[in-house]
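There are 2 protein chains.
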Amino acid sequence: MIENISDSSVRRLSAYLRQLEHFSADGVAVVSSQLLARRMNVGDAMIRRDLALFGQFGRPGVGYDVDQLTANLRKILGTNMRWNTVILGAGKLSRALMEYPGFHERGFEIVAAFDIDPRKVDTKVGDIPIHHMDELETILAQCQARIAILTVPAEVAQQVTDRLAGAGIDGILNFATTHLETPQGIHIDQVDITAHLEQLCFHATNAIP
Amino acid sequence: MIENISDSSVRRLSAYLRQLEHFSADGVAVVSSQLLARRMNVGDAMIRRDLALFGQFGRPGVGYDVDQLTANLRKILGTNMRWNTVILGAGKLSRALMEYPGFHERGFEIVAAFDIDPRKVDTKVGDIPIHHMDELETILAQCQARIAILTVPAEVAQQVTDRLAGAGIDGILNFATTHLETPQGIHIDQVDITAHLEQLCFHATNAIP
DNA sequence: GTATGTGAAGTTATTCACAGCG
DNA sequence: CGCTGTGAATAACTTCACATAC
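Protein sequence lines, in the order shown, are assigned to chains G and B.
Here the first sequence stands for residues 1 to 209, where the numbers follow my numbering.
Here the second sequence stands for residues 210 to 418, where the numbers follow my numbering.
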């Protein structure tokens with residue numbers, strides 16, 4: 001079932017969900033694919049097609065119930081349950097992520113961080129304890145985290161990945177600027193902020209004036 | 210010319226560039242599309258195809274000169290020159306980005322930040338001054354920045370975007386969890402870290418066991 | 001009348017496979 | 001002989017357009 005579903009579709013489901021959060025906050029109860037599409041500039045047919053991959057969620061002549069579709073998208077994405085998450089590396093970026101409230105609000109709980117710097121180990125950021133990397137396997141077994149965020153230096157990213165895989169992690173979000181060899185049975189998603197800047201740069205450079 | 214080039218291709222060019230940086234650091238002078246492809250698990254033909262969009266950079270029977278291809282990719286992306294960049298919002302994430310050395314190394318110079326919090330305004334993060342939002346247009350005119358990074362709350366992201374557009378910014382990297390209406394002549398690229406987590410979540414939930 | 005869900009059509013992206021160069 | 005660059009073939013994605021449901 002999952003086989004036929006493209007990453008692009010899944011990414012768009014997240015975007016729809018984000019937009020639905022806004023509609024809900026504004027007190028909008030029902031949206032049509034057309035309205036949703038206009039807000040995000042995509043085609044309305046694409047929204048219907050993406051949703052159709054998973055079932056029938058709308059009512060012809062009416063549209064989609066905002067709360068109901070929100071719940072359905074959460075169920076599809078899996079964020080209708082809570083996901084314990086750990087973060088590897090306790091640098092600046094890591095701290096910013098630990099203090100970002102949006103993760104908690106959307107089902108992700110950062111339960112522990114890991115570093116090797118003795119000045120950081122055994123301190124806390126908010127409620128989140130920072131452990132030594134040596135304790136990785138022990139703590140992971142305790143906290144049942146299935147997702148990990150990688151903010152360690154590129155040079156050690158692969159070995160940390162392999163340890164995470166060994167400890168039974170299911171998915172890794174990689175902020176290191178290096179491509180990771182993906183261990184069996186794991187998903188890795190890379191966030192390269194520099195690449196995003198380069199994309200803007202490309203368009204600014206090659207714009208048709 | 211730019212019309213025919215997909216965003217996916219441009220994103221991959223960044224990824225190739227990142228990998229070439231690693232090859233160069235390891236002292237590798239020449240790479241074949243096959244070797245590069247193996248390192249990134251993509252097809253070798255795709256790399257050749259992506260590059261072919263912009264010219265002929267390799268030598269049949271040999272491969273690509275690492276330094277030369279690096280220089281060519283930088284030229285294509287536009288990062289062979291320096292890009293003054295400003296950052297809007299001076300929260301945790303913003304500070305992490307300001308202190309990230311990778312931007313400078315790759316051609317992006319964060320020259321100023323903006324916020325409305327009086328406790329932050331007129332202080333500095335490293336060498337980067339934090340100005341009041343009121344000064345946005347004045348400072349932008351001075352520092353000639355063409356790229357902006359948005360880390361402001363979602364509620365004000367659109368109005369800040371419109372001001373940036375009015376002040377002549379060419380590209381915006383948006384970290385706010387809201388879709389932005391794109392002003393004429395500007396490019397906007399969104400980074401939704403939650404969406405990345407949701408993607409992992411989706412795969413972990415719907416994995417074929 | 002309005003909006004969904006979906007076959008069919010159209011478009012774009014990726015892979016194949018090989019001629020031709022070094 | 002190895003590797004690039006690229007037409008041709010294939011696969012994937014998106015849009016069109018309409019039968020169907022409200």
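Note that the Cβ used here is the ideal one computed from N, Cα and C, for glycine as well.
Remember, it's a predicted structure, so these values are computed and weren't measured experimentally.
DSSP state of residue i mapped onto helix, strand, coil
i, result
"E308 (chain B)", "coil"
"L297 (chain B)", "strand"
"E109 (chain G)", "strand"
"H203 (chain G)", "helix"
"D65 (chain G)", "strand"
"V239 (chain B)", "strand"
Buried/exposed call for residue i, threshold 16 Cβ in 10 Å
i, result
"M81 (chain G)", "exposed"
"I402 (chain B)", "buried"
"I325 (chain B)", "exposed"
"N72 (chain G)", "buried"
"T166 (chain B)", "Outside the displayed span of chain B (210 to 418) sits residue 166 (chain B), for which this structure offers no information."
"S14 (chain G)", "buried"
"T161 (chain G)", "buried"
"R221 (chain B)", "buried"
"I417 (chain B)", "exposed"
"D235 (chain B)", "exposed"
"E227 (chain G)", "Outside the shown range of chain G, which is 1 to 209, sits residue 227 (chain G), and nothing can be said about it."
"K124 (chain G)", "exposed"
"S33 (chain G)", "buried"
"D122 (chain G)", "exposed"
"T85 (chain G)", "buried"
"G126 (chain G)", "exposed"
"G185 (chain G)", "exposed"
"D50 (chain G)", "buried"
"R268 (chain B)", "exposed"
"V10 (chain G)", "buried"
"G43 (chain G)", "exposed"
"R328 (chain B)", "exposed"
"T347 (chain B)", "exposed"
"T182 (chain G)", "exposed"
"Q159 (chain G)", "exposed"
"A350 (chain B)", "exposed"
"V31 (chain G)", "buried"
"V420 (chain B)", "Summary: the structure shown does not reach residue 420 (chain B), with chain B confined to residues 210 through 418, and so no result is reported for it."
"A254 (chain B)", "exposed"
Per DSSP, the bridge partner or partners of residue i
i, result
"G171 (chain G)", "G:I147, G:H187"
"P269 (chain B)", "Looking at the DSSP assignment, P269 (chain B) forms no beta bridge with any residue, so it has no partner."
"I130 (chain G)", "G:A113"
"V125 (chain G)", "G:I128"
Contact test: residue i Cβ vs the ligand MN heavy atom, cutoff 8 Å
i, result
"A141 (chain G)", "Ligands in the displayed structure: none, and consequently the ligand MN is not present."
Contacting positions in the region 112 to 126 of chain G - beta carbon closer than 7 Å to chain B: none
Near-chain B residues of the region 20 to 45 of chain G - C-beta to any C-beta below 7 Å: H22, R39, M40
At least three beta-carbon pairs within less than 8 Å, the region 103 to 123 of chain G to the region 47 to 57 of chain G: no
Stretch-stretch touch, CB-based, cutoff 8 Å, three pairs: the region 247 to 261 of chain B with the region 304 to 313 of chain B: no
Touching by the beta-carbon criterion (3+ pairs, under 8 Å), the region 195 to 207 of chain G and the region 376 to 386 of chain B: The region 376 to 386 of chain B and the region 195 to 207 of chain G touch, with three or more beta-carbon pairs separated by less than 8 Å.
contact_flag[the region 354 to 365 of chain B, the region 294 to 305 of chain B] where n(CB pairs < 8 Å) is 3 or more: yes
Where the region 59 to 83 of chain G meets chain B: residues whose CB sits under 8 Å from a CB there: I76, L77, G78, T79, W83
Interfacial residues, the region 332 to 356 of chain B to chain G, with Cβ spacing under 8 Å: Only those residues of the region 332 to 356 of chain B whose C-beta falls short of 8 Å from the nearest C-beta of chain G are listed: R355, I356.
Members of the region 367 to 385 of chain B that neighbour chain G once the beta carbon cut-off is set at 7 Å: D379, G380, L382
Residues from the region 398 to 417 of chain B in contact with chain G, defined by Cβ distance under 9 Å: D398, Q399, V400, D401, I402, T403, A404, H405, L406, E407, Q408, L409, C410, F411, H412, A413, T414, N415, A416, I417
Within 7 Å of chain G by C-beta, residues of the region 310 to 321 of chain B in sequence order: For the region 310 to 321 of chain B, residues whose beta-carbon sits nearer than 7 Å to a beta-carbon of chain G comprise G311, F312, R315, F317.
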